[in-house]
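For reference, the structure is listed below as structure tokens.
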Amino acid sequence: MTPLTTALLCLLVFGANHFVWTASAILYHRGITHGALRLGPRMRWWLRQVGFWTTATDLTGWVVMHRRHHHYADVEGDPHSPHVHGVFGITWHTILSFRRTVIALRRGEADYVRFARDLPPPHALSRDVLFLAPFALHAGIALCIGVFASWWVALAWFLPYEPLVRAWLVNGLGHYAGGVRFETTDGSRNSHLAAWLVHGEGYQNNHHHDPATASYAVGPGEVDPGYWVCLLLDKIGLIEIKRHFIETRGAA
Ligand SMILES: [Zn+2]
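Under my numbering, the residues of the sequence shown are numbered 21 to 272, in order.
Here it is as structure tokens:
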């Protein structure tokens, strides 16, 4: 392969995988968790079955964990808060919290089940070591690409499925460093860095002020590529945006 072919393939593979991951993550968060997007039964089925592999997390477990994050934001009970777990403990506690959430749902623990009343049971593979299956699949495909084609293309394949840095950026930085536009009861912040690197999700202060919207950007200079994905999916009829923009009354 020539260097130009490799570079083009890297761009193509990274772009395609990043779009699939982004769309799945946005539908988990803005669609199912907060109800800002309307998804028909087919999209919900697709998201539950395919989202498990594209996001490497179970839909129900993720949504319940995130609803608990909003309910207990930055106090004891928050699955991942820099004010509870320390800014560098976020990633590890997110992994532990996700496992704890799925186990608690299977046991029927009331403080978890109450956040899952509109959700299906956790995915059948979301248990024991089987929850690592999506990572093994993506790593296996990357290995094959690396051995038979190019290690650069293999890296371009695998990078979009790397969740740990993104979790730290949104849940760590987004509640630790950045501006505050709205007065909330939690420690949420608007981190431009986290927003640019994780499709607009870094505007945590905007989002915690008014969670059920498709767009998280409010002020000038705030860019939310996740909202553009919502607009595209709405335009081609896969979803319907129920509410677009954050209520800005009370903004600083
Ligand atoms: Zn949220």
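The beta-carbon is built from N, C-alpha and C at its ideal position, and this holds for glycine as well.
Given that a residue counts as buried once 16 or more other Cβ atoms are within 10 Å of its Cβ, and exposed if not, what is glycine 222?
For the purposes of this step, residue 222 is identified with residue 202 of the sequence shown, where counting begins at 1. Glycine 222 sits buried, since 16 or more C-beta atoms from the chains shown fall within 10 Å of its C-beta.
Straight-line CA distance for lysine 262 to isoleucine 115?
As a first step, residue 262 must be located in the sequence shown, where it is residue number 242. As a first step, residue 115 must be located in the sequence shown, where it is residue number 95. When the Cα atoms are used, lysine 262 and isoleucine 115 turn out to be separated by approximately 31 angstroms.
Thinking just about the alpha-carbon of each residue, which of Ser211, Glu267 and Pro180 is nearest to the one in glycine 198?
By one-based count along the sequence shown, residue 198 stands at place 178. Measuring from the Cα of glycine 198, the nearest candidate turns out to be Ser211.
Flag proline 245 as yes when its Cβ comes closer than 8 angstroms to any non-hydrogen atom of ligand 1, and as no otherwise.
For this step, residue 245 is matched to residue 225 along the sequence shown. Outside the cutoff, so no.
Helix, strand or coil, according to DSSP, for isoleucine 161 in the structure here?
Counting from 1 along the sequence shown, the entry for residue 161 is found at position 141. Isoleucine 161 falls in the helix class under three-state DSSP.
Quick one, what's near ligand 1 if you take every residue whose CB is closer than 6 angstroms to any heavy atom, in chain order?
Result (chain order): His49, Thr53, His54, His86, His90, His227 and Pro231.
State the CB to CB distance for the pair alanine 169 and methionine 63, rounded to an integer number of angstroms; the pair is presumed to be in contact (CB under 8 angstroms).
Position 149 of the sequence shown, counted from the start, is the residue given in the question as residue 169. Position 43 of the sequence shown, counted from the start, is the residue given in the question as residue 63. That belief does not hold up - the Cβ atoms of alanine 169 and methionine 63 are roughly 33 angstroms apart, past 8 angstroms.
Quick check on DSSP: helix, strand or coil for tyrosine 223?
Translated into the one-based positions of the sequence shown, residue 223 becomes position 203. Residue state, collapsed to three classes: strand.
Hey, how far is the Cα of alanine 36 from the Cα of valine 243?
The residue labelled residue 36 in the question sits at position 16 within the sequence shown. The residue labelled residue 243 in the question sits at position 223 within the sequence shown. Their Cα atoms are separated by approximately 21 angstroms.
Would you please state the rounded distance, in angstroms, between the beta carbons of valine 190 and valine 149? I believe it to be under 8 angstroms.
Taking the first residue of the sequence shown as 1, we reach residue 190 at position 170. Taking the first residue of the sequence shown as 1, we reach residue 149 at position 129. Contact flag wrong, Cβ pair sits at about 26 angstroms.
Does the Cβ of arginine 88 have 16 or more other Cβ atoms within 10 Å, making it buried, or fewer, making it exposed?
As a first step, residue 88 must be located in the sequence shown, where it is residue number 68. Around the beta carbon of arginine 88, 16 or more other beta carbons lie within 10 angstroms, which makes this residue buried.
Report yes if the C-beta distance between valine 107 and glycine 192 is below 9 angstroms; otherwise report no.
The count along the sequence shown starts at 1 and reaches residue 107 at position 87. The count along the sequence shown starts at 1 and reaches residue 192 at position 172. Contact flag set, yes.
Counting C-beta neighbours from all protein chains within 10 Å, is the total for glutamine 6 16 or more, i.e. buried, or is it exposed?
With the chain covering 21 to 272 only, the question about residue 6 has no answer from this structure.
Spatial neighbours of alanine 124 within its chain, please: CB distance less than 7 angstroms, with the 5 preceding and 5 following residues excluded, ordered by chain position.
As a first step, residue 124 is located in the sequence shown; it is residue number 104 there, counting from the start. Closer than 7 angstroms at the Cβ level, and outside the excluded window around alanine 124, lie Tyr132.
Determine the extent of the alpha helix (DSSP H) in which isoleucine 123 is found, giving its start and end residues.
Taking the sequence shown and counting its residues from 1, the one referred to as residue 123 is at position 103. Its alpha helix (DSSP H) spans residues 110–127.
Report yes if the C-beta distance between isoleucine 52 and glycine 246 is below 9 angstroms; otherwise report no.
For the purposes of this step, residue 52 is identified with residue 32 of the sequence shown, where counting begins at 1. For the purposes of this step, residue 246 is identified with residue 226 of the sequence shown, where counting begins at 1. Cβ atoms of isoleucine 52 and glycine 246: not closer than 9 angstroms.
Bridge partner(s) assigned by DSSP for glutamate 260
Numbered from 1 along the sequence shown, position 240 holds the residue referred to as residue 260. Looking at the DSSP output, glutamate 260 shares a beta bridge with Arg58.
Return the first residue and the last residue of the alpha helix (DSSP H) that glycine 97 is part of.
As a position in the sequence shown, residue 97 is number 77, starting the count at 1. Counting along the chain, glycine 97 sits inside no alpha helix (DSSP H), nor does DSSP assign it H or E at all.
Let's see if you can read the secondary structure: which residues bound the alpha helix (DSSP H) around asparagine 37?
Taking the first residue of the sequence shown as 1, we reach residue 37 at position 17. Here the alpha helix (DSSP H) through asparagine 37 covers 23–46.
Can you tell which of Arg119, Gly241 and Thr26 has its C-alpha closest to the C-alpha of glycine 220?
By one-based count along the sequence shown, residue 220 stands at place 200. When each option's Cα is compared against that of glycine 220, the closest is Gly241.
Given this structure, state the Cα-to-Cα distance separating glutamate 260 from cysteine 30, to the nearest angstrom.
For this step, residue 260 is matched to residue 240 along the sequence shown. For this step, residue 30 is matched to residue 10 along the sequence shown. When the Cα atoms are used, glutamate 260 and cysteine 30 turn out to be separated by approximately 32 angstroms.
Comparing alpha-carbon positions, which option in Val173, His113, Arg119 and Arg201 lies nearest phenylalanine 151?
Counting from one through the sequence shown, the residue named residue 151 turns up at place 131. Relative to phenylalanine 151, the option among Val173, His113, Arg119 and Arg201 whose CA is nearest is Arg119.
Measuring alpha carbon to alpha carbon, tell me which residue in Asn225, Ile161 and Trp248 is nearest histidine 195.
Working through the sequence shown from its first residue, we reach residue 195 at position 175. When only C-alpha atoms are compared, the closest one is Asn225.
Given a cut-off of 9 angstroms on the beta-carbon distance, is the pair tryptophan 41 and threonine 80 in contact?
For the purposes of this step, residue 41 is identified with residue 21 of the sequence shown, where counting begins at 1. For the purposes of this step, residue 80 is identified with residue 60 of the sequence shown, where counting begins at 1. When the beta-carbon positions are compared, tryptophan 41 and threonine 80 stay at least 9 angstroms from each other.
Only counting runs of 4 or more residues, tell me where the alpha helix (DSSP H) segments fall wholly within the region 130–214, in order along the chain.
Counting whole runs of 4 or more residues, the region 130–214 contains the alpha helix (DSSP H) stretches 130–133, 153–168, 171–178 and 184–187.
Give the straight-line distance between the Cα atoms of proline 183 and tryptophan 112, rounded to the nearest whole angstrom.
For the purposes of this step, residue 183 is taken as the residue at position 163 of the sequence shown. For the purposes of this step, residue 112 is taken as the residue at position 92 of the sequence shown. Taking the straight line from one Cα to the other gives about 12 angstroms.
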